[in-house]
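Trainee: Under this note's numbering, the first residue of the first sequence carries the number 179, and numbering increases by one thereafter. Backbone N, C-alpha and C define an ideal beta-carbon position, used for all residues, glycine too.
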Amino acid sequence: MKIKYTLIKKDNNTKARLGKLETNHGTYDTPMFMPVGTNATVKMLSPEELKDVNAGIILANTYHLWLRPGEDLVAKAGGLHKFMNWNGPILTDSGGFQVFSLANPKDISDDGVEFKSHIDGQKMYLTPEKSIEIQNKLGADIIMSFDECAYYPCTYDYMQESVERTLKWAKRGKEVHNNPNQSLFGIVQGGEFKDLRAKSAIETVKMDFDGYAIGGTSVGEDKKTMYEMIDNCIDYLPTDKVRYLMGVGDPLDILNGVKRGVDIFDCVQPTRIARHGNAFTRYGKINLKNAKYKEDFTKISEECDCYACKNYTKAYIRHLLMVKETFGQRLLSIHNIRFLIKMTEEIRQSIENDSFDEYMQDFIKKYTNK
RNA sequence: GUGUGAUUGGUGAAGUGGUUAACACGCCGGAUUGUGGCUCCGGUAUGCAAGGGUUCGAUCCCCUUAUCGCACC
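(1) Look at the alpha carbon of residue 543 and the alpha carbon of residue 433, and state the distance between them as a whole number of angstroms.
(2) Would you mind working out which of 385, 535 and 317 sits nearest residue 356, comparing C-alpha positions?
(3) In chain order, what residues of the same chain have a beta carbon less than 6 Å from the beta carbon of residue 321, not counting five sequence neighbours either side?
(4) For a test of the three-state rule: what should DSSP assign to residue 490, helix, strand or coil?
(5) Helix or strand or just coil, what does DSSP make of residue 428?
(6) For residue 430, is the classification buried or exposed, using 16 other Cβ atoms within 10 angstroms of its Cβ as the cut-off for buried?
(7) Can you tell me where the beta strand (DSSP E) with residue 475 in it begins and where it stops?
(8) Tell me whether the beta-carbon of residue 442 lies closer than 8 Å to the beta-carbon of residue 420.
(9) Give the single residue among 415, 422 and 380 whose Cα lies nearest to the Cα of residue 395.
(10) For residue 382, count the other beta carbons within 10 Å of its own beta carbon; 16 or more makes it buried, fewer makes it exposed. Which is it?
(11) So, are the CB atoms of residue 448 and residue 518 less than 8 Å apart?
(12) Whose CA, out of 453, 493 and 461, lies closest to the CA of residue 469?
(13) Using only alpha-carbon positions, find the residue among 231, 195 and 193 that is nearest to residue 510.
(14) Is it buried or exposed, residue 532, if we count other Cβ atoms within 10 angstroms and call 16 or more buried?
(15) According to the Cβ coordinates, are residue 309 and residue 364 closer than 8 Å?
(16) The alpha helix (DSSP H) spanning residue 361 covers which residue range?
(17) Would you kindly report the start and end of the unbroken alpha helix (DSSP H) that includes residue 286?
(18) Indicate the three-state DSSP secondary structure (helix, strand or coil) for residue 549 in the structure shown.
(19) If you run the structure through DSSP and keep just helix, strand and coil, what is residue 192?
(20) Could you please give the first and the last residue of the uninterrupted beta strand (DSSP E) stretch that includes residue 222?
(21) Taking three-plus beta-carbon pairs below 8 Å as touching, is the segment 521 to 532 in contact with the segment 488 to 504?
(22) Between which two residues does the beta strand (DSSP E) holding residue 213 run?
(23) By DSSP, does residue 465 sit in helix, in strand, or in coil?
(24) Might you give, ordered along the chain, the residues of its own chain that have their beta carbon closer than 7 Å to the beta carbon of residue 354, omitting 5 neighbours on each side?
(25) Roughly how far, in whole angstroms, is the beta-carbon of residue 367 from the beta-carbon of residue 325, given that I think they are within contact range, below 8 Å?
(26) Kindly list the residues whose CB is nearer than 7 Å to the CB of residue 398, restricted to its own chain and excluding five residues on each side of it in sequence; keep chain order.
(27) Going by beta-carbon coordinates alone, are residue 513 and residue 484 separated by less than 8 Å?
(28) How is the beta strand (DSSP E) around residue 420 delimited, first residue to last?
(29) Applying the criterion that 16 or more other CB atoms from any shown protein chain within 10 Å of the CB defines a buried residue, is residue 496 buried or exposed?
(30) Could you check where the beta strand (DSSP E) with residue 389 kicks off and where it finishes?
(31) Looking at the unbroken alpha helix (DSSP H) that takes in residue 537, where does it start and where does it end?
(32) Between the Cα of residue 372 and those of 244, 191 and 338, spot the shortest distance and give me the residue it belongs to.
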């Protein structure tokens, strides 16, 4: 069956929404944060550890799994869930973001996109049909339309062309999508141009997808612009479908997204910065490699209930990072993911209590004051 | 004891009689938003063992001392 979103409660003071998402692999509350597991693994974490941090949906990537090990192999293994031993829900990104990160503008045509494989430089060709076909074989609960995440900044004319292209691609993908157990999401583009965002949203909604994503943010624009991008399209999205802000997961951005009516987020930030020695705390991000933590025998965060905070000190984790033991990176990855997920738990609670606005102001005050 | 070769930052080292002593590692910071995992960007020796001399000018040439290595007695 398809996913089913139910709006449980709307916040009084903001557009924040409390919702419920039913999937073939369990029911989860929104707003939620989805950890990213590009290569069918959330880097450094086992599925058991993901359960421990109370993860819901996790992300995998079409482009990466297409190259290795190949969608046919995953299908042969019995699908992505079985292959990676994750029985929670999975969402696969379409490979659209790799248009942004791997291809040149000249390689993008209305038909599809030519990539150079990041592994061996081989030419690869991805089309909306191909992306959906791969995703059908991978078997995630939610699959994404193949879109163009345009460069920022780009001209109005280019963005207009890009939005048209993404709409056509969405339509083509929807036509070939043939797995009734997978929900297909459309993606709103349009950059910072208000009318293009509106048009993209309206036309995408007309195609009637199972959920809607806002793409093309966090590509180099400032925060104000990013929030405007959301504001400029979110009211065109139906209230009875889930809304996903792609690639966003900075704590402050999650709050601002929720405030504007976003339900789900994903981001590589918690795991990437963890591998580089950084941890989220209520009082801002800290760098565990800093000399000041050398003899700091306290936990990363007093408020945190994660495995790392329950058992280890900053001094020990710093030591692991300094000697390049990967256990340090693992502990920080666990902590950072738990930090964001716990944050969404509190956000939900605050919406339920009609105190989201207060929660957000309080969080920002602590997080930015230091 | 005699002869001989060395001595450059936290480490391994390059280098030249003349503006800011290369590079690497380490260390100290910073970045990181649909992941091309262990990356990227900065900073880091007011000084070349110590003292004296030659020179317009010495880390580089000379002398003495110290330390270390090698060879011989």
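Mentor: Short version:
(1) Within the first sequence, residue 543 is the residue found at index 365, counting from 1. Within the first sequence, residue 433 is the residue found at index 255, counting from 1. Between residue 543 and residue 433, the C-alpha separation is close to 12 Å.
(2) Numbered from its first residue, the first sequence carries residue 356 at position 178. Of 385, 535 and 317, the residue nearest in Cα terms is 317.
(3) Locating residue 321 in the first sequence gives position 143, counting from the first residue. Cβ neighbours of residue 321 beyond the five flanking positions: 270, 313, 360 and 362.
(4) Against the first sequence, residue 490 aligns to sequence position 312. Reduced to three states, the DSSP call for residue 490 is coil.
(5) As a position in the first sequence, residue 428 is number 250, starting the count at 1. Correct three-state label for residue 428: coil.
(6) Residue 430 sits at position 252 when you count from the first residue of the first sequence. Label assigned to residue 430: exposed.
(7) Counting from one through the first sequence, the residue named residue 475 turns up at place 297. From DSSP, residue 475 is part of no beta strand (DSSP E); its letter is neither H nor E.
(8) Position 264 of the first sequence, counted from the start, is the residue given in the question as residue 442. Position 242 of the first sequence, counted from the start, is the residue given in the question as residue 420. Yes, these two residues count as a Cβ contact at 8 Å.
(9) By 1-based counting over the first sequence, the position of residue 395 is 217. Cα-wise, what sits closest to residue 395 is 422.
(10) Residue mapping note: residue 382 aligns to position 204 of the first sequence, counting from 1. Buried, because 16 or more other Cβ atoms sit within 10 Å of the Cβ of residue 382.
(11) What you label residue 448 is simply residue 270 of the first sequence in a count that begins at 1. What you label residue 518 is simply residue 340 of the first sequence in a count that begins at 1. Yes, these two residues count as a Cβ contact at 8 Å.
(12) In the first sequence, the residue the question calls residue 469 occupies position 291. Among 453, 493 and 461, the Cα nearest to that of residue 469 belongs to 493.
(13) If you number the first sequence from 1, residue 510 lands on position 332. Nearest C-alpha to residue 510: 231.
(14) In the first sequence, counting from the first residue as 1, residue 532 sits at position 354. Residue 532 is exposed by the Cβ-count criterion.
(15) Along the first sequence, read from residue 1 onward, the residue named residue 309 stands at position 131. Along the first sequence, read from residue 1 onward, the residue named residue 364 stands at position 186. Cβ atoms of residue 309 and residue 364: not closer than 8 Å.
(16) Against the first sequence, residue 361 aligns to sequence position 183. Run containing residue 361: none in the alpha helix (DSSP H); it sits in the beta strand (DSSP E), 361 to 366.
(17) Within the first sequence, the letter at position 108 stands for residue 286. Residue 286 -> no alpha helix (DSSP H), and no H or E assigned at all.
(18) This structure gives no information on residue 549, because the portion of the chain shown stretches from 179 to 548.
(19) For the purposes of this step, residue 192 is identified with residue 14 of the first sequence, where counting begins at 1. Residue 192: coil per DSSP, three-state reduction.
(20) Against the first sequence, residue 222 aligns to sequence position 44. That residue, residue 222, is in no beta strand (DSSP E); it is neither H nor E in DSSP.
(21) no
(22) Numbered from its first residue, the first sequence carries residue 213 at position 35. 210 to 213 is the extent of the beta strand (DSSP E) around residue 213.
(23) The residue you call residue 465 lines up with position 287 of the first sequence. The answer is strand: DSSP assigns residue 465 an E or B state.
(24) Sequence index remark: in the first sequence, residue 354 carries index 176 (1-based). Closer than 7 Å at the Cβ level, and outside the excluded window around residue 354, lie 307, 310 and 311.
(25) By one-based count along the first sequence, residue 367 stands at place 189. By one-based count along the first sequence, residue 325 stands at place 147. Right, the Cβ-Cβ distance comes to about 6 Å (below 8 Å), so this counts as a contact.
(26) Residue numbering aside, residue 398 sits at position 220 when the first sequence is read from its first letter. So the qualifying residues of the chain are 330.
(27) Counting from 1 along the first sequence, the entry for residue 513 is found at position 335. Counting from 1 along the first sequence, the entry for residue 484 is found at position 306. Cβ atoms of residue 513 and residue 484: closer than 8 Å.
(28) On the first sequence, residue 420 is found 242 positions in, with the first residue counted as 1. Unbroken beta strand (DSSP E) run through residue 420: 420 to 423.
(29) Working through the first sequence from its first residue, we reach residue 496 at position 318. Its Cβ being crowded by 16 or more others within 10 Å, residue 496 is buried.
(30) Here residue 389 refers to the residue found at position 211 when the first sequence is read from its first residue. 389 to 392 is the span of the beta strand (DSSP E), which, as asked, contains residue 389.
(31) Residue 537 sits at position 359 when you count from the first residue of the first sequence. Taken as a continuous stretch (DSSP letters only), the alpha helix (DSSP H) holding residue 537 covers 534 to 547.
(32) Along the first sequence, read from residue 1 onward, the residue named residue 372 stands at position 194. It is 338 whose Cα lies nearest to the Cα of residue 372.
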